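Working notes, beginning with the structure itself.
Numbering (our numbering), first residue to last: 251 to 800.
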């Protein structure tokens, strides 16, 4: 496969997102001499004229000045509007022992004139690509933690979260102490932490892995985003197994085009993983196959792992037989609905087998998995099905609604919006996909962020209207997401399914720079309680009227 570096937009390349809470760090770190660090990453130690040389050691790393601890390397990265060196004073005042930056940053007065630099208490490291070497630097500082762990990395447009949950469950069933890193949460030996990114920034990731080592974690299930690969967040990380699920349109606000998006995903398969497992149900996956690649497919028998006898049940559960190397057969039961979850499970099976997990643990672990915000049922006794799902890209919307249709005999009712300040090209495609697969589509707001919500909805509605009248259901617009969910519940009839899509596990809605508390699960449950309570009141009233008439 021909590989070329993905293009990282200048606007996003070196701007770390703000995170209010400092990530966890290991309790003990062996100090690393600054010369050893510089030699390892190919950086130049810069001595400011007239200042003594700084003979220091470092014990941590961060690219956020507000998270600096005494002994840290502060990575002052170049950005579009600001340079990380602009925050050097804050970092040095907090006790940073070294600053890693580029040629522009090294000249900033915030660095060269700071008393800690003038007195030789801080070392300055210059590198042409400080972000590119930050992962390796952080790995060295934290004792190369990935070399002490078995890390199972999963990339792809859809399925990363579900696959990682399947992996973790089977690993736990095998009696292993596990870690998980991903979109919904981070877990260390069962202890839950909130996740700020699908894949943390390089210093945070290496610190997190070091914490896992301290907690005797042996194996980690990790989602690996295209952003993380393109921006070097996983540099310095060794993977026991790398896995690819699929690729469809998403993140084209970040990547130049689909090919560039693919090239970013392909970086996980450039030799950094000891074994590679690839779903070959699509052309993108087939391009990743090379000698030694373990292939999985739900569509062809010409793969190392295949699935037969797929049976779906009205409860949303499904069963299938996984066929592997040397005639191996595994009877699999899933709580998760839809053909796409058969593909996710088969990918997980391929990864787990490659990692040496026993078949019995795979079967038992996969049967016990529910994934927050992924076709998650909200059942309060209503006579129709109600689910929330994180689907927020055209392919995922299509797959989820196809799965929803297969579960019920009634209508599919969808509540769907699109996020602001993200890939604008997918909005009409999502509107089209939802309109074509539903009896009622309610176009609403997702996370508008800085955009006008009405403009986002208009783009979705335009896509929906492209579907011929006879091939789509009713399409209405309700901007207020809470009201849209209520309307969907009110319209549902016995045997229908209500799908609230786009936000899944999220607990906030970002509007004009402010994140307001909002949970699709809680709002859907509230709407159901209101409807059920009203129905009970009506039945009670009818009962009283009947008694009075007698």
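Even for Gly, the Cβ is constructed at its ideal location relative to N, Cα and C.
Just so you know, these numbers come straight off a predicted model, no measurement behind them.
Please classify residue 367: is it buried, with 16 or more other beta-carbons within 10 angstroms of its beta-carbon, or exposed? buried
According to DSSP, is residue 472 helix, strand or coil? strand
Out of 511, 725, 482, state which residue places its alpha-carbon closest to the alpha-carbon of residue 382. 482
Rounded straight-line distance, which links the Cα of residue 748 to that of residue 723: 14 Å
List the DSSP bridge partners of residue 444. 435
Within the stretch 714-747, ranges of the alpha helix (DSSP H) (whole runs, at least 4 residues): 731-741
Anyone know if the C-beta pair for residue 630 and residue 599 falls short of 8 Å? no
Within the continuous beta strand (DSSP E) that includes residue 556, where are the two ends? 555-562
Ends of the alpha helix (DSSP H) at residue 647? 644-657
Element boundaries [beta strand (DSSP E), containing residue 402]: 400-405
Pull the bridge partners of residue 310 from the DSSP assignment, please. 322
Hey, could you find the ends of the alpha helix (DSSP H) residue 289 is sitting in? 284-291
Among 558, 585, 485, 605, which residue has its Cα nearest to the Cα of residue 564? 585
Could you have a look at residue 426 and say whether DSSP puts it in helix, strand or coil? coil
Between 570, 437, 471, which has its C-alpha nearest residue 490's C-alpha? 471
In whole angstroms, give me the CA-to-CA distance for residue 783 and residue 775. 12 Å
Where residue 749 sits in the DSSP three-state scheme: strand
Residues in the same chain with beta-carbon distance under 6 Å from residue 384, minus the five sequence neighbours each way, listed in chain order, please. 325, 452
CB-CB under 6 Å to residue 558, same chain, minus the five flanking residues each way: which ones, in chain order? 571
What whole-angstrom Cβ distance do residue 528 and residue 474 have, given they're in contact under 8 Å? No, residue 528 and residue 474 are not in contact; Cβ-Cβ is about 14 Å, not under 8 Å.
CA-to-CA distance, residue 277 to residue 337, given in whole angstroms: 26 Å
Simplified DSSP state of residue 578, which is helix, strand or coil: coil
Residue 692 bridges to which residues according to DSSP? 665, 726
Rounded straight-line distance, which links the Cα of residue 549 to that of residue 577: 18 Å
Have a look at residue 312 and residue 284 and give me their C-alpha separation to the nearest angstrom. 15 Å
What's the gap between the Cα of residue 750 and the Cα of residue 667? 9 Å
By alpha-carbon positions, which one of 406, 304, 323, 401 ends up nearest to residue 365? 304
Residues bridged to residue 639 (per DSSP): 751
How about residue 703 and residue 679: are their beta carbons less than 8 Å apart? no
Please tell me whether residue 443 and residue 274 are closer than 8 Å, where the distance is taken between their beta carbons. yes
Looking at the unbroken beta strand (DSSP E) that takes in residue 544, where does it start and where does it end? 544-547
Taking only the alpha-carbon atoms, compute the straight-line gap between residue 501 and residue 351 and give it to the nearest angstrom. The predicted model places residue 501 with a pLDDT of 48, which falls under 50 and marks its position as unreliable; any figure quoted below should be read in that light. Spanning the two alpha carbons is a distance of roughly 28 Å.
Straight-line gap, residue 553 to residue 306 (C-alpha atoms, nearest Å): 54 Å
Pick helix, strand or coil for residue 571, following the three-state DSSP scheme. strand
Would you kindly work out how many angstroms separate the C-alpha atoms of residue 322 and residue 596, rounded to a whole number? 43 Å
Suppose you measure from the CA of residue 412 to the CA of residue 479; what does that come to, to the nearest Å? 20 Å
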